[in-house]
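Mapping of the sequence shown onto my numbering: residues 52 to 496, in sequence order.
Using N, Cα and C, we set each Cβ at its ideal position, and we do this for glycine too.
Please read all numbers here as calculations on a predicted model, not as lab measurements.
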Amino acid sequence: MLYSDATKVTLLKPKNRPGPKGTSCLTCKQRHKRCDQRLPLCERCEKGGFSCLGYDHNSDRRATPQVTQPPQQLMPRPAEDNSASSSSSRSARSSPLELGEFNETLDRSTVTLDCGRNNKDELALRLQLIPNHADGPLSIFRKLINLYTQLPHYPSDPLKTFLSNPMFDDYVWAQQEKLSQQWYFRPTEGQIKGFQKGAISRLQGSLASVPRWIALIDVGICEAFLKGDASQIQLQNLWITHIQNSLKCELSYDTTSHKVQEQRGDFIHVSLLKIMITHSSYTYQMLRNITPAFLQAVFSDPTLWPRDCDPTCIPLSSILCGEAHELAYFALIDCSCAMAFGLPQQLEYDTTVPSQFNRFSFHQWANGCPTEFQLVLADINACRDKSTTARDWRDIEGWLLAWQSRPAQYEFTESWMTVAWYAVQELATCTVGVSLHGRMQRLFE
Numbered sequence: 052m053l054y055s056d057a058t059k060v061t062l063l064k065p066k067n068r069p070g071p072k073g074t075s076c077l078t079c080k081q082r083h084k085r086c087d088q089r090l091p092l093c094e095r096c097e098k099g100g101f102s103c104l105g106y107d108h109n110s111d112r113r114a115t116p117q118v119t120q121p122p123q124q125l126m127p128r129p130a131e132d133n134s135a136s137s138s139s140s141r142s143a144r145s146s147p148l149e150l151g152e153f154n155e156t157l158d159r160s161t162v163t164l165d166c167g168r169n170n171k172d173e174l175a176l177r178l179q180l181i182p183n184h185a186d187g188p189l190s191i192f193r194k195l196i197n198l199y200t201q202l203p204h205y206p207s208d209p210l211k212t213f214l215s216n217p218m219f220d221d222y223v224w225a226q227q228e229k230l231s232q233q234w235y236f237r238p239t240e241g242q243i244k245g246f247q248k249g250a251i252s253r254l255q256g257s258l259a260s261v262p263r264w265i266a267l268i269d270v271g272i273c274e275a276f277l278k279g280d281a282s283q284i285q286l287q288n289l290w291i292t293h294i295q296n297s298l299k300c301e302l303s304y305d306t307t308s309h310k311v312q313e314q315r316g317d318f319i320h321v322s323l324l325k326i327m328i329t330h331s332s333y334t335y336q337m338l339r340n341i342t343p344a345f346l347q348a349v350f351s352d353p354t355l356w357p358r359d360c361d362p363t364c365i366p367l368s369s370i371l372c373g374e375a376h377e378l379a380y381f382a383l384i385d386c387s388c389a390m391a392f393g394l395p396q397q398l399e400y401d402t403t404v405p406s407q408f409n410r411f412s413f414h415q416w417a418n419g420c421p422t423e424f425q426l427v428l429a430d431i432n433a434c435r436d437k438s439t440t441a442r443d444w445r446d447i448e449g450w451l452l453a454w455q456s457r458p459a460q461y462e463f464t465e466s467w468m469t470v471a472w473y474a475v476q477e478l479a480t481c482t483v484g485v486s487l488h489g490r491m492q493r494l495f496e
């Protein structure tokens, strides 16, 4: 027994291999290229668009009892193009990304990772990362979370390489198109492309790591709502909290660079997603926690402020029709919660409609509520709370009674949607009018 143990110890002793010790990164070694040995990542790999696998293979030349792991794949990083070229390259593909290809790519990226563990632990980990069935963003999200939290850190992050793959963009857009089919009012194809233009440039920008995670969580939460599946709420909440804390840390250190505005938008976006999966009793307090970031984002964007506007009130009409969708949804949730809970709005809103008012807003179609009545809802809340800047309730009632729908104002994919949209506007007029009359009557009694 002692002889056997001594033999095992002898087998594990370091071996002196002939020749000089290797100094190249693993990528240059596998490609048989001269390495410049720059730390932490090789400059040759960076300029060539390859994922540098680092120098860890040179630090430990001992013989180990573990079975040699398969090498990581050399996946070139996609070139960063502008939104127009990226959009054209995506449309030039023969078909959108299929879910099977997406899962196959994820499986391949998982299997090629060197975990640095023994065979039994590695096998259990790989089996855990492979779901029993893959039918949508929920399973993909669960798999990515396990991949991110259980594998060790590498000089070249394989998960970041996977998320930057153009196939990921196609998958996210395919899922968002499926969700848009659930809209009762669907705009024309040209209007949808205009809506997607800003989001595409955001996902393909230099700071697209966090927005890609948020996009994946977003489609996963929406799919869960459509299916009535609440099994992944804790996992989604955990990951959203992780992203929130990371963004808070970034915003606390940097308040002047150009990326701060995008990071504020990401923080508001992911915080609104957390509201969607949290009990409604916490909504009001969570909105109050987001309000400082909302104010910073609004006051740092001069395009939202019309000429001669009141700087003490938030220009609601500009926000509802602006390109910053997270700001519009914050205002919508704030006004709706104030009406439902009977509490003051988080902010004072300026509901003045400027002469150059753009009534084209995707939020009204997704929510089924016209923009003009969202403005009136904020007026009613302010009047109820006796705000010093609120309109008189008689003025609000007079506007509702005199309001008329405008023909040919919007274009939809089906003719019946136009008729239904007029009906929704008439219904909103009656609903808001009844709410205003009842609340004001009780208030003055």
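Can you tell which of the options has the C-alpha that lies nearest to the C-alpha of residue i?
i: Q396; options: R339, W356, R445; result: R339
i: D361; options: I447, D401, P353; result: D401
i: I384; options: C420, A281, R358; result: C420
i: T354; options: T329, T342, Q347, G373; result: G373
i: D352; options: P366, S102, E274; result: P366
i: I291; options: K278, I326, D87, H330; result: I326
i: I328; options: N296, L289, C103; result: L289
i: Q478; options: H320, E274, E465, S456; result: The identity of residue 478 in the sequence shown is Leu, whereas the question assumes Gln. Closest option to L478, Cα to Cα, is S456.
i: N216; options: S102, H83, D359; result: S102
Could you have a look at residue i and say whether DSSP puts it in helix, strand or coil?
i: R128; result: Residue confidence is low: R128 scores 41 on pLDDT, short of 50, so the model does not pin down where it sits. Its coordinate-derived value is still stated next. R128 falls in the coil class under three-state DSSP.
i: G151; result: Low per-residue confidence applies at G151: pLDDT is 48, beneath 50, and the placement is therefore not dependable, though the value from the model is reported in the following sentence. In this structure, G151 counts as helix in the three-state DSSP scheme.
i: F463; result: strand
i: I284; result: helix
i: S369; result: helix
i: D436; result: coil
i: Y235; result: coil
i: Y106; result: coil
i: Q476; result: helix
i: D401; result: strand
i: P395; result: coil
i: T163; result: Note on T163: pLDDT 41, under 50, position unreliable in the model; the coordinate value appears next. The answer is coil: DSSP assigns T163 none of H, G, I, E or B.
i: N340; result: helix
i: N183; result: Note that N183 scores 43 on pLDDT, short of 50, meaning its location in the model is unreliable; the coordinates nonetheless yield the value given after this. DSSP places N183 in coil when its eight states are reduced to three.
i: D220; result: helix
Do residue i and residue j have their C-beta atoms closer together than 8 Å?
i: V349; j: L298; result: no
i: V223; j: L286; result: no
i: I497; j: L324; result: Past the edges of the chain, shown from 52 to 496, lies residue 497, and the structure says nothing about it.
i: F219; j: R263; result: yes
i: T74; j: N109; result: yes
i: C345; j: F381; result: The question names Cys, yet the displayed sequence has Phe at residue 345. Result yes, Cβ atoms of F345 and F381 sit closer than 8 Å.
i: C364; j: T440; result: yes
i: F236; j: W472; result: yes
i: C434; j: W444; result: yes
i: L302; j: Q312; result: no
i: C388; j: T342; result: no
i: G105; j: C76; result: yes
i: S438; j: V404; result: no
i: S322; j: Q295; result: yes
i: Q227; j: L277; result: no
Considering just the uninterrupted stretch of the alpha helix (DSSP H) at residue i, what are its terminal residues?
i: G271; result: 260–278
i: I328; result: Note, I328: premise wrong, no alpha helix (DSSP H); not H, not E.
i: K84; result: Neither: K84 is in no alpha helix (DSSP H) and is coded neither H nor E.
i: A453; result: 444–453
i: I358; result: The amino acid at residue 358 is misidentified as Ile; the sequence shows Arg. Looking at the DSSP string, R358 is not in any alpha helix (DSSP H), and its letter there is neither H nor E.
i: R95; result: 94–99
Would you check whether the ligand NAP has a heavy atom nearer than 7 Å to the C-beta of residue i?
i: F276; result: Because no ligand of any kind appears in the structure shown, any question about the ligand NAP cannot be addressed here.
Under a CB-based cut-off of 8 Å, is residue i close to chain C?
i: K80; result: Among the chains in the structure shown there is no chain C, since it carries only a single protein chain.
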